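First the structure, in the form of structure tokens, and then the observations on it.
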Ligand code: CP
Ligand code: NVA
């Protein structure tokens, strides 16, 4: 299958991609996934190297990118902030210019989203956002792919996110708005998604027809839900707010009771890592309604498609 093109040099936020580009990426993902399961490998990234800068912890992102590029014939370098000079004060722009002379792509997981933007501006090669405080595009693209592979028409679905209006929620909101998926986000008012992201999503939804609801009312949000999604209450870097957040988010969880209200066909999603018993109960995670580990697996397939589209 032909590798689909992406106009943008980088993937920093879901809105770097058009609706059409995302669907083409999904079709390509399906072919990569099927071929892998049949033992067919494609060397689309032979001898290409991805530098992966991690300023925060990771299990899925690191392992899926690293495994993914190896399956495509390439190589990944894990660069933690403790190992590279960036952690000792070398500038981001110098780092970007140097890495651009050696490798074919950079993945960065960092705090401020502006750092990822700066890195991309100063790099001659594609930069992929592997999570910032504001966005997690590889995660939400995977989440919509996970819905897409189960549905005849993704635009007939409603995704309900309960909990912190964080990086994952921001990216889900943008993805839903681009793709035409109805989305409701229920968070305590102080923890709603970023206002500028809500505004961008509303503008995008006028084209796609996605219905957007931002509320603090869980029962209102879950009406007609097909997919229930949550994420941790305390994201990486927010540890100082632990007590305040635990108080504010009490009740903003996916429990078996809430799931029952949504009907037996409602599926449950989580980007992981989860805090069982906090934002999601263990019996929900382990229930037949959970597609959480499909999401985790699909990170591999979707990111392989992303790397091909950006790096070939
Ligand atoms: N969902 C996700 O990005 O997981 P990691 O933090 O383990 O990479
Ligand atoms: N919102 C979480 C996502 C982890 C993948 C965090 O930023 O820690």
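In this note's numbering, the protein residues as written are 10 to 321.
Ideal Cβ placement from N, Cα and C applies to all residues, glycine included.
Quick caveat: nothing in here was measured; it's all calculated off a predicted structure.
heavy atom of ligand 4 below 7 Å from residue i C-beta
i	result
residue 312	With respect to small molecules bound, the structure shown includes ligand 1 and ligand 2 and not ligand 4.
Separation of residue j from residue i, as counted between CA atoms
i	j	result
residue 298	residue 273	8 Å
residue 12	residue 239	32 Å
residue 78	residue 90	21 Å
residue 61	residue 30	24 Å
residue 219	residue 198	22 Å
residue 25	residue 205	16 Å
residue 244	residue 41	31 Å
residue 147	residue 316	11 Å
residue 232	residue 169	9 Å
residue 280	residue 177	8 Å
residue 112	residue 54	12 Å
residue 144	residue 132	20 Å
residue 203	residue 180	10 Å
residue 247	residue 47	42 Å
residue 45	residue 256	45 Å
residue 68	residue 118	12 Å
residue 269	residue 287	18 Å
residue 94	residue 105	12 Å
residue 313	residue 271	34 Å
residue 15	residue 319	7 Å
residue 92	residue 191	43 Å
residue 283	residue 110	38 Å
residue 21	residue 209	15 Å
residue 321	residue 27	19 Å
residue 10	residue 43	12 Å
residue 174	residue 151	18 Å
residue 139	residue 122	11 Å
Residue i - containing beta strand (DSSP E), residue span
i	result
residue 89	84-89
In DSSP terms, what residue i is bridged to
i	result
residue 20	137
residue 170	194, 238
residue 277	237, 299
residue 125	In the DSSP output, where bridge partners are listed per residue, residue 125 has none listed.
residue 58	84
residue 116	61, 137
residue 263	289
residue 222	193
Boundaries (first-last residue) of the alpha helix (DSSP H) holding residue i
i	result
residue 29	28-46
residue 238	From DSSP, residue 238 is part of no alpha helix (DSSP H) but of the beta strand (DSSP E) over 236-239.
residue 294	291-294
residue 146	146-157
residue 254	251-257
residue 103	101-111
residue 217	204-217
residue 181	176-188
residue 230	227-230
Cut-off 8 Å between Cβ atoms - residues of its own chain near residue i, not counting five sequence neighbours on either side
i	result
residue 155	278, 300, 303, 304, 307
residue 227	171, 195, 260, 261, 267
residue 211	186, 221
residue 265	290, 292, 293, 296
residue 285	291, 294
residue 120	64, 65, 141, 142, 246
residue 124	101, 117, 141
residue 87	61, 63, 71, 75
Residues of its chain near residue i, where Cβ-Cβ distance is below 6 Å and the 5 sequence neighbours each way are ignored
i	result
residue 108	60, 115
residue 52	82
residue 382	A question about residue 382 goes unanswered here, because the residues of the chain that appear run from 10 up to 321.
residue 258	242
residue 276	236, 298, 300
residue 184	23, 149, 153
residue 214	186, 221
residue 164	189
residue 224	195, 230
residue 33	13
residue 193	169, 222, 230
residue 200	173, 174
Residues near residue i in its chain [Cβ-Cβ closer than 7 Å; skip 5 each side]
i	result
residue 50	80
residue 160	166
residue 35	154, 157
residue 96	90
residue 38	154, 310, 311, 314
Any 3 or more C-beta pairs closer than 8 Å across the stretch 242-253 and the stretch 294-314: No, the stretch 242-253 is not in contact with the stretch 294-314.
Contact between the stretch 308-316 and the stretch 67-77 (3+ Cβ pairs under 8 Å): At 8 Å Cβ cutoff, the stretches touch.
contact_flag[the stretch 93-102, the stretch 126-133] where n(CB pairs < 8 Å) is 3 or more: With a cut-off of 8 Å on Cβ pairs, the stretch 93-102 is in contact with the stretch 126-133, counting three or more such pairs.
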